[in-house]
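Chemist: FYI, our numbering numbers position 120 of the sequence shown as 350, with every residue one higher than the one before it.
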Amino acid sequence: QREKRSATLKAAIARILDGVPRRVARLSEGEEIHAFFASDTLVDRARTQIEQLRELGDAVSADEAAARLQALKEAGLRDARDRADLGSSGNSLSLGKHRFSIERRTLELVLLHDQDGLAIQLAGTDFRQPLPWPEAEQYRAIWAQTLISENEQIYRGEYLAAELFDSWEGGDQALQSALREQPEKLAAEVAERAQQRPAEDYQRGVHDADAA
């Protein structure tokens, strides 16, 4: 039980510390960084959990986590000093007479398609490059399909009905019970199942009603 509790605490501390660099990067002054590490609720929670690790007898892990937290603070302060030395305001950077905008958003690689084929693009930039992918050509007909539950031939309500029918045939007791009772019970069951499948984008009162 002690080992399990220790592992849970270490995982919780790691999750908090993993997010610290991203949050500190938004701060531009050393005073702000000191205040962040002194008063942030998540950082305070991590410190509490580090002490709980010590109480469990896992002093080595507690020391490692405490050292990592201190290292994150020092790294944030160094970064703030470096930005100040370079004349960076957080959104721009001065080099001599020139000032450059700083892009702080996380760069994401996006897969696009058009009549020329597939391409990759860095979101928020003009960088775009064709992506030769012969194996994907056989699926060109569904490149533009945004939902698994609907295409030019199949309506979302039909897809939901087919999925639930498969569940019914597979012995789904809740659906079987609903089918044996009043239509209202079936409609309520289908509506609830539809809401459990957000990726399929069912509109309440429309697709679930049609499926029922």
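Backbone N, C-alpha and C define an ideal beta-carbon position, used for all residues, glycine too.
The structure presented is a predicted model; accordingly, all values stated were derived computationally and were not measured.
Name the two residues that bound the continuous alpha helix (DSSP H) containing residue 442.
Modeler: No alpha helix (DSSP H) holds residue 442; DSSP gives it neither H nor E.
Chemist: Strictly by DSSP, which residues pair up with residue 362?
Modeler: In DSSP, residue 362 forms no bridge with anything.
Chemist: Return yes when the Cβ of residue 310 is within less than 8 Å of the Cβ of residue 257, no when it is not.
Modeler: A contact, by the Cβ cut-off of 8 Å.
Chemist: Which residues mark the beginning and the end of the beta strand (DSSP E) in which residue 201 is found?
Modeler: Coverage of the chain is limited to positions 231 through 442, which leaves residue 201 absent and any answer about it impossible.
Chemist: Per DSSP, what kind of secondary structure is residue 351 in: helix, strand or coil?
Modeler: Here residue 351 sits in strand by DSSP.
Chemist: Sort 379, 380, 269, 295 by Cα distance to residue 236 and report the nearest one.
Modeler: Selected option, being the one with the closest Cα: 295.
Chemist: By the three-class DSSP mapping on this structure, what secondary structure does residue 344 have?
Modeler: Residue state, collapsed to three classes: strand.
Chemist: Since residue 299 and residue 247 should fall inside the 8 Å C-beta cutoff, what is the C-beta to C-beta distance between them, to a whole number of angstroms?
Modeler: Their Cβ separation, rounded to whole angstroms, is 6 Å, which keeps residue 299 and residue 247 in contact under 8 Å.
Chemist: Pick out whichever of 264, 291, 260 has its Cα sitting closest to the Cα of residue 239.
Modeler: Ranking the options by Cα distance to residue 239, first place goes to 291.
Chemist: Give a yes or no on contact between the stretch 358–372 and the stretch 409–423, applying the rule of three or more CB pairs nearer than 8 Å.
Modeler: Output reads no: the stretch 409–423 does not touch the stretch 358–372.
Chemist: Who does residue 205 pair with in a DSSP beta bridge?
Modeler: Nothing can be reported for residue 205, as the shown portion of the chain is limited to 231 through 442.
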